[in-house]
C-alpha cells in the first residue's frame, strides 16, 4: 500500500514539476486502483480532449463541480480551440456534469459568435441566470458586438445574485461597445448595491467616462478608486490618465501619470502621450517620448501614432516627416496607414496639399477613405476647388454613401460662389439616397450627461434654453457677428452651450465642456468664438476631429480642423 502511494506521488510530481507524460500517471492510477480525486483532476487537466473525455466517463467516483471546473479550466486554457469539442463531449457523457462552475470554465474559451446558442444551452440547463455562467455569456456577447443582448442578460440576473464579476463584465462589455451611458449606469447600480469594486469595473467605467469626455464622472470614479484603495493600480491609473486626457484636462492626466511612479508601463506612457497629442502639444509629446526612451521603454506603433497625431493637430508638417522617417530608420518599425494619415493631415493643415497628395499616392499601403477625407478637408479649408473635386471623387469611389464628401464639396463650392455646383452636390447626395448624419452634442451637468440634437424639442427646460440662445444671438451680433442662415441657430452644440449657461451647475468662470459627434461647422465655430467673449468663459468643444479650446474669441485649432 505504501509502495503504491509512493509510486502515485512520484508520477504526479513528474507531471507537475518536469512536464512529464501524463500517461505515466494514468498507468499508475490504473495499476494501483487508486481513487485519488487530486490525481485524476491533474490528469484531466493535462490530457487533451480526445483523452480526457473518455476518462471523464470512466472515473472511479462522481466528479464534484469544483474538481471538474478546475480540470476543464486547465484543459481549455492550454488549448482554447478544444473548448467546443470538450463541451460536446461532456454533454454526450452527462449534461448533469455541467453545473455553474464547469460550464463557465468552458464558456471562457468559446468563440464569441456562438453566444446565442450557448445562452440557449445555459438556459436549458437552468444556468443562464447563475452568476458565473451569466458573466461568461455577457463577455461573449460583448466580444461578438452584441451589447444589447449582454445588457438584457445582466438584467435577468436576480439582484441578490449579481456579484462583482457580473457587474465588472457588464460594465466593461458595454464600454467596449460604445454604450457609455449604460456602462456608467450599471457602475452606479453596482455602487448603490454596495458591491465591491474591482480594477476591471473601475477601468471599464473610466473607459465609458472617457468616451463621453465626462469630467465630473471621471472625478467621481477617481474619488471612488481612492476610497477603494485601487487608485494605485496601474490598470486603473492608466484608465484615469486616458479619461482625464479625453476630457481635455491634461494637467490632471499628468498628475495621475506621475503618481503611478515605477508601476507605469508602455500603455500608461501611450495614454499620457495621447493626452498631449489631442491638444496638438508637440513639444510636450516629444519630451515625454524622450523620457520614455531614457527609462528603457521600447516604443510601439501607438507611441509613434501619438507623436504624429500631435504633429498633425499642430500642423507641424516638418516634424511629422521627421518622426515618420525616424520610426523606420532609427527604430526599425514599419509605419501603418494611420501613421501616414497623420503626415497627410499635418501637410494639409498648412496648405502643402500637393505634397500631402504625393504622400497618399506613393505610400506603401493603399489609401482609405480617411486619407482622402483628410485631404478633402484641407482643400476646403484652403479653398482649393479643383483639387477638392478630385479628392471628393476618390473618397466617393471608396464609399459612395459618405455624407461628409457631399457636404464638404457643397461647402467649398459655396465659398467659391459656384452656386450651380453647390446645388448639384446636394442633388447628387439626394439622388444617391445619402442622408447627412444627425448632429448630437452633449454637456455634463451635476454628473448627468444631457444630449441635444438639432432643432431640439424634447428637453424639459426647452423654453429657458431657447430664451438663453436668443439672448446670446443678440449679444454676439452687437460684437459684429452676422448669422448667414437662421437655421444655424438651432444646431445641437448651441443648445448644449445655452443649457450649460442656464443650469447653474457650471459656476461662473469655470470651463464649459461640450462634446459633438460630428465636426463642428464653421458657422458654429465662429459663433462660439464670439460667445466666449460675451460670457467671458473658456469653452472647450471636443468634436470628431480634435479639441477646440476657445477663449477670448480665439481657438486653439487656429481655425483649422
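In the numbering used here, the protein residues as written are 55 to 615.
Note that the Cβ used here is the ideal one computed from N, Cα and C, for glycine as well.
How many angstroms separate the CA atom of residue i from the CA atom of residue j?
{"i": "residue 257", "j": "residue 229", "result": "10 Å"}
{"i": "residue 498", "j": "residue 567", "result": "8 Å"}
{"i": "residue 317", "j": "residue 288", "result": "6 Å"}
{"i": "residue 418", "j": "residue 330", "result": "28 Å"}
{"i": "residue 44", "j": "residue 227", "result": "Outside the shown range of the chain, which is 55 to 615, sits residue 44, and nothing can be said about it."}
{"i": "residue 272", "j": "residue 302", "result": "12 Å"}
{"i": "residue 439", "j": "residue 523", "result": "34 Å"}
{"i": "residue 451", "j": "residue 444", "result": "11 Å"}
{"i": "residue 305", "j": "residue 312", "result": "11 Å"}
{"i": "residue 166", "j": "residue 211", "result": "20 Å"}
{"i": "residue 241", "j": "residue 221", "result": "7 Å"}
{"i": "residue 612", "j": "residue 501", "result": "31 Å"}
{"i": "residue 599", "j": "residue 572", "result": "8 Å"}
{"i": "residue 382", "j": "residue 332", "result": "23 Å"}
{"i": "residue 99", "j": "residue 347", "result": "43 Å"}
{"i": "residue 239", "j": "residue 352", "result": "38 Å"}
{"i": "residue 183", "j": "residue 236", "result": "20 Å"}
{"i": "residue 615", "j": "residue 279", "result": "36 Å"}
{"i": "residue 408", "j": "residue 338", "result": "29 Å"}
{"i": "residue 72", "j": "residue 173", "result": "With a pLDDT of only 40 at residue 72, under the threshold of 50, the placement of this residue in the model should not be trusted; the figure read from the coordinates follows. For residue 72 and residue 173, the distance between alpha carbons rounds to 39 Å."}
{"i": "residue 378", "j": "residue 458", "result": "28 Å"}
{"i": "residue 597", "j": "residue 576", "result": "12 Å"}
{"i": "residue 610", "j": "residue 578", "result": "15 Å"}
{"i": "residue 340", "j": "residue 480", "result": "43 Å"}
{"i": "residue 420", "j": "residue 539", "result": "40 Å"}
{"i": "residue 29", "j": "residue 87", "result": "A query on residue 29 cannot be resolved here, the shown segment of the chain reaching from 55 to 615 and no further."}
{"i": "residue 163", "j": "residue 512", "result": "45 Å"}
{"i": "residue 84", "j": "residue 101", "result": "16 Å"}
{"i": "residue 69", "j": "residue 81", "result": "In this prediction, residue 69 has a pLDDT of 47, which is less than 50 and means its spatial position is unreliable; what the coordinates show is noted afterwards. Taking the straight line joining both Cα atoms gives about 13 Å."}
Contact defined as beta carbons within less than 8 Å: I believe residue i pairs with residue j. What is the distance between those atoms, to the nearest angstrom?
{"i": "residue 432", "j": "residue 478", "result": "So it is not a contact: roughly 22 Å between Cβ atoms."}
{"i": "residue 427", "j": "residue 449", "result": "6 Å"}
{"i": "residue 327", "j": "residue 349", "result": "Not a contact, Cβ separation roughly 14 Å."}
{"i": "residue 594", "j": "residue 602", "result": "7 Å"}
{"i": "residue 89", "j": "residue 115", "result": "6 Å"}
{"i": "residue 625", "j": "residue 503", "result": "In the structure displayed, the chain extends from 55 to 615; residue 625 sits before or after that span and is not available."}
{"i": "residue 79", "j": "residue 93", "result": "7 Å"}
{"i": "residue 157", "j": "residue 176", "result": "7 Å"}
{"i": "residue 168", "j": "residue 191", "result": "Wrong, their Cβ atoms sit about 10 Å apart, outside the cutoff."}
{"i": "residue 215", "j": "residue 185", "result": "5 Å"}
Between the beta-carbon of residue i and the beta-carbon of residue j, is there less than 8 Å?
{"i": "residue 574", "j": "residue 586", "result": "no"}
{"i": "residue 429", "j": "residue 398", "result": "yes"}
{"i": "residue 196", "j": "residue 204", "result": "yes"}
{"i": "residue 442", "j": "residue 434", "result": "yes"}
{"i": "residue 607", "j": "residue 570", "result": "no"}
{"i": "residue 368", "j": "residue 334", "result": "yes"}
{"i": "residue 357", "j": "residue 386", "result": "no"}
{"i": "residue 247", "j": "residue 213", "result": "yes"}
{"i": "residue 193", "j": "residue 223", "result": "yes"}
{"i": "residue 508", "j": "residue 526", "result": "no"}
{"i": "residue 320", "j": "residue 344", "result": "no"}
{"i": "residue 209", "j": "residue 249", "result": "no"}
{"i": "residue 494", "j": "residue 546", "result": "yes"}
{"i": "residue 400", "j": "residue 380", "result": "no"}
{"i": "residue 446", "j": "residue 463", "result": "yes"}
{"i": "residue 549", "j": "residue 506", "result": "yes"}
{"i": "residue 299", "j": "residue 265", "result": "no"}
{"i": "residue 262", "j": "residue 234", "result": "yes"}
{"i": "residue 97", "j": "residue 76", "result": "yes"}
{"i": "residue 152", "j": "residue 179", "result": "yes"}
{"i": "residue 366", "j": "residue 396", "result": "yes"}
{"i": "residue 470", "j": "residue 437", "result": "yes"}
{"i": "residue 592", "j": "residue 565", "result": "yes"}
Closer than 7 Å: is that where the CB of residue i sits relative to any heavy atom of the ligand HEM?
{"i": "residue 436", "result": "With respect to the ligand HEM, the structure offers nothing, as it holds no ligand at all."}
Hey, is residue i's beta-carbon within less than 8 Å of any beta-carbon in chain E?
{"i": "residue 507", "result": "In summary, chain E is missing from the structure at hand, where a single protein chain is found."}
Exercise. Can you list the alpha helix (DSSP H) stretches of 4 or more residues lying completely in the segment 216 to 274, in chain order?
Worked result: 218 to 230, 234 to 246, 253 to 266
Exercise. Are the segment 249 to 263 and the segment 281 to 296 touching, with three or more C-beta to C-beta distances below 8 Å?
Worked result: yes
Exercise. Do three or more CB pairs link the segment 508 to 527 to the segment 275 to 289 at distances below 8 Å?
Worked result: no
Problem set entry | Continuous beta strand (DSSP E) assignments of at least 3 residues falling wholly in the segment 428 to 508 | 494 to 499, 502 to 507
For this session: Tell me the start and end of each unbroken alpha helix (DSSP H) in the segment 306 to 354 that is at least 4 residues and wholly inside, in chain order.
Result: 320 to 332, 336 to 348
Exercise. Okay, do the segment 374 to 393 and the segment 357 to 365 touch, 3+ Cβ pairs below 8 Å being the bar?
Worked result: yes
Problem set entry | Every unbroken beta strand (DSSP E) inside the segment 519 to 570 [3 residues or more] | 566 to 570
Exercise. Can you list, in chain order, the stretches of the alpha helix (DSSP H) that have 4 or more residues and sit fully within the segment 358 to 414?
Worked result: 371 to 383, 391 to 403
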